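As they're listed, the protein sequences go chains G and E. For the first sequence, the numbering used here gives the first residue as 1, with consecutive numbering after it. For the second sequence, the numbering used here gives the first residue as 1, with consecutive numbering after it. The structure appears below as structure tokens.
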Amino acid sequence: MSTTREARTIEAQGLVRRYGRLRALDGLDLSTGTGVTGLLGPNGAGKTTLLRILATVMPYDDGALRVLGQDPRTPAGRLAIRRSLGYLPQDAGFHRGFTAFEAIDYVAVLKEHTQVRARHDEVRRVLGEVGLTDVATRKVRALSGGMRRRLALAQALLGSPDLLVLDEPTVGLDPEQRIRFRELVSEAGDGRTVLLSTHQTEDVAAVCSQVVVVDHGRSLFAGSVADLVAVAQGRVWVDETRDPRAYAGWRLADGSYHHVGDPPAGAALVAPRIEDAYLLLLGPGASREAA
Amino acid sequence: MSEWHVEAELAGRYAAGAVTPVLAASIELHLVGCAPCRGLLEVEPARLDRIWDEIVEEVTAPRPVLLERLLRRIGVSEATARVVATTPTLRGSWLSGLVLVLGLALYVAHASPRGTFFFLALAPVLPLLGVAGAFGLDPAREVAGATPYSAMRLLVARTSFVVATTLLPALAAALFLPGDHEVSVAWLLPSLAMTTLSLAAAHWVPVTHAALGMTALWVAICTTHWIASGTVTASLAEARVLQAVSLVVLVVAGASVVRHRQDAVAEPRRLL
């Protein structure tokens with residue numbers, strides 16, 4: 001592996017993180033390079049724990065990890081990662097009395113943008129990227145939930161970092177904003193490493209070159225979106241009535257039932273979608289848990 | 001209305017920014033309604049861009065808050081002033097609450113024979129609570145933790161100003177306590193010792209936990225003393241052994257903070 005390539009990758013082997021008796025990460029493996037990698041998994045699967053470890057805000061207990069070729073267990077490694085990192089936490093907060101501009105400017109200070117004028121230009125750039133230029137002087141407390149989420153995304157884009165770690169970035173965004181987000185992430189993934197967690201399988205299908213399915217702190221699948229969809233090939237069918245043997249089944253607009261699982265003989269198979277494969281990987285009962 | 005128009009020579013001086021503000025305003029008023037005169041202006045696009053950039057900067061750039069302006073005036077760097085000014089426990093609501101609590105403690109000190117003890121038990125933990133809130137109440141702490149800004153630098157900068165803004169009103173209030181002034185300031189050394197110990201402990205545990213733990217310890221000591229002695233005097237704060245222990249803790253913890261001041265990046269979650 002060349003140094004340049006290593007400097008753009010995340011390599012994790014057997015990553016373990018415990019909260020008391022609970023193993024939030026239970027020997028998780030992960031290997032990603034440039035491009036957009038989507039993390040899919042139900043609530044409590046360990047996605048946020050993994051992203052927080054990658055963002056260097058949480059230590060891990062066991063295993064091996066290299067982020068952008070750096071060891072996050074050493075002070076020098078953490079500093080190097082943080083200098084190349086844009087991190088959108090699940091609960092990114094800002095001082096409510098700040099304007100949108102001030103909130104991003106504060107993070108820019110923490111990101112070592114010391115030249116005032118250049119920093120302000122960069123703040124304006126990222127606010128423009130997420131479509132918040134018009135509300136730059138509005139207080140954070142007066143922004144809608146979707147605007148605050150975009151504001152949080154803006155701070156992650158400061159300095160065009162080599163690594164973007166985004167924890168559920170599309171939560172609270174309306175359909176138009178999600179499309180804009182997809183454009184942004186697609187651009188960001190060009191030559192850089194983007195890792196995002198989401199519950200939205202359509203987001204993964206739209207922007208991710210790679211997908212990792214996580215459950216119970218372990219990686220169940222890692223590969224391309226096409227490979228993931230192929231998992232469900234021949235295991236999705238429609239029927240006039242609900243088949244109780246299916247892992248999951250729901251009524252479609254035309255009144256028929258879409259089923260995922262082991263099809264009965266002679267079933268009318270249909271082309272699978274990414275959520276079908278996702279449900280199959282999580283196993284029976286997953287549709288309730290992952291909903 | 002007269003048929004006054006901008007001549008070529010005047011247009012050139014206006015474009016070069018070489019006219020008085022009053023004349024410039026007059027010209028601009030005319031230009032708004034006169035397309036031929038606007039056509040005389042040949043302003044290079046780059047200059048227009050620069051002017052526009054200046055306008056945008058002027059409109060959107062943050063206005064430093066009072067605290068930030070004061071810090072800049074005493075020589076604190078722009079970046080440090082900004083991170084200190086964002087401290088939740090340096091905001092008006094916290095400081096107002098602090099003054100209220102001190103006023104209440106003073107009232108109790110004068111109204112009850114046990115009141116002085118109450119004040120002496122309360123005053124040392126105010127800086128600790130301020131330090132705990134400086135990080136525990138920061139809504140951007142998760143984002144801040146993933147940035148390269150030195151966590152120890154942030155900690156020391158915020159703590160210094162929180163302690164200063166908490167201790168000064170507490171000291172001022174202590175001067176109005178009934179009785180001996182020496183007793184009134186006897187809490188100062190234990191307070192500084194516990195705050196510095198919290199800072200030093202932040203190398204191993206989150207500073208919020210350290211400060212709250214220290215607060216609980218102090219309250220436990222005071223309560224135990226009160227129950228055991230059965231007195232209502234300020235003997236605990238006066239005790240020479242307590243002052244001596246506080247001095248030792250202050251020196252040792254201070255040395256530890258100085259030793260770790262170069263920690264550019266502490267262990268994740270330890271400081272914040």
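Note that CB positions come from ideal geometry on N, CA and C, so glycine has one too. Computed from a predicted model, the values in this text were never measured in an experiment.
| Item | Value |
| --- | --- |
| 8 Å Cβ cutoff met for G:Ile53 and G:Leu30 | no |
| 7 Å Cβ cut-off: residues of chain E touching G:Phe94 | Pro139, Ala140 |
| Closer than 8 Å to chain E by CB, G:Asp105 | yes |
| Neighbour list for E:Gly145 in chain G, Cβ cutoff strictly below 7 Å | Val57 |
| Beta-carbon separation (whole angstroms), E:Pro124 vs E:Ser191, contact threshold 8 Å | 4 Å |
| E:Phe118 and E:Leu177 closer than 8 Å at C-beta | no |
| Status (buried if at least 16 other CB within 10 Å, exposed otherwise) for E:Thr166 | buried |
| Unbroken stretches of the beta strand (DSSP E), 3 residues or longer, contained in the stretch 191-244 of chain E | none |
| Test: G:Ala136 CB closer than 8 Å to a CB of chain E | yes |
| Where E:Ala288 meets chain G, residues with beta-carbon distance less than 7 Å | Since the displayed chain E opens at 1 and closes at 272, residue 288 of chain E lies outside it and no answer follows. |
| Boundaries of the alpha helix (DSSP H) in which G:Leu280 is found, first to last residue | 274-282 |
| E:Val163 vs E:Pro139 beta-carbon contact at 8 Å | no |
| C-beta neighbour in chain G for E:Val101, strict 8 Å | no |
| Where E:Gly17 falls, given that 16 or more other Cβ within 10 Å makes a residue buried | exposed |
| With 16 other Cβ atoms within 10 Å as the buried cut-off, status of G:Thr114 | exposed |
| Per-residue DSSP class, three states only, for G:Gln177 | helix |
| Between the CA atoms of G:Ala248 and G:Asp134 - distance to the nearest angstrom | 45 Å |
| The stretch 58-78 of chain E in contact with the stretch 96-104 of chain G per 3-pair CB rule at 8 Å | yes |
| Secondary structure of G:Lys47, DSSP reduced to three states | helix |
| Inter-residue CB distance, G:Asp276 and G:Ala222 (contact presumed, cutoff 8 Å) | Incorrect: roughly 18 Å between the Cβ atoms, too far for contact. |
| Helix, strand or coil at G:Asp71 according to DSSP, with G and I counted as helix | coil |
| Rounded straight-line distance, which links the Cα of G:Arg17 to that of G:Leu184 | 31 Å |
| Within chain A, partners of E:Arg72 - CB distance below 9 Å | Absent here is chain A; the protein component of the structure consists of chains G and E. |
| Strand pairing of E:Phe118, partner residues [DSSP] | Paired residues: none, contrary to the question. |
| G:Tyr106 beta carbon less than 8 Å from that of E:Arg82 | yes |
| Euclidean distance between Cα positions of G:Leu228 and G:Thr201 | 11 Å |
| Own chain, CB closer than 7 Å to G:Tyr87, minus 5 neighbours either side, in chain order | Ala55, Ala156, Val165 |
| Where E:Met1 falls: helix, strand or coil (DSSP) | In this predicted model, E:Met1 has a pLDDT of only 49, less than 50, meaning its place in the structure is not dependable enough to derive any value. |
| 8 Å contact criterion, which G:Leu79 and E:Pro148 should meet: CB distance rounded | 6 Å |
| Burial state of E:Gly33 (16 or more Cβ within 10 Å) | exposed |
| Rounded straight-line distance, which links the Cα of G:Val213 to that of G:Val225 | 11 Å |
| For G:Ala152 and G:Leu127, believed in contact at Cβ under 8 Å, the rounded distance | Incorrect: roughly 12 Å between the Cβ atoms, too far for contact. |
| Collapsed DSSP secondary structure at G:Asp203 in the structure displayed | helix |
| Between the CA atoms of E:Ala193 and G:Ile304 - distance to the nearest angstrom | Since the first residue of chain G shown is 1 and the last is 291, residue 304 of chain G is not available in this structure. |
| DSSP three-state assignment for G:Phe221, whether helix, strand or coil | strand |
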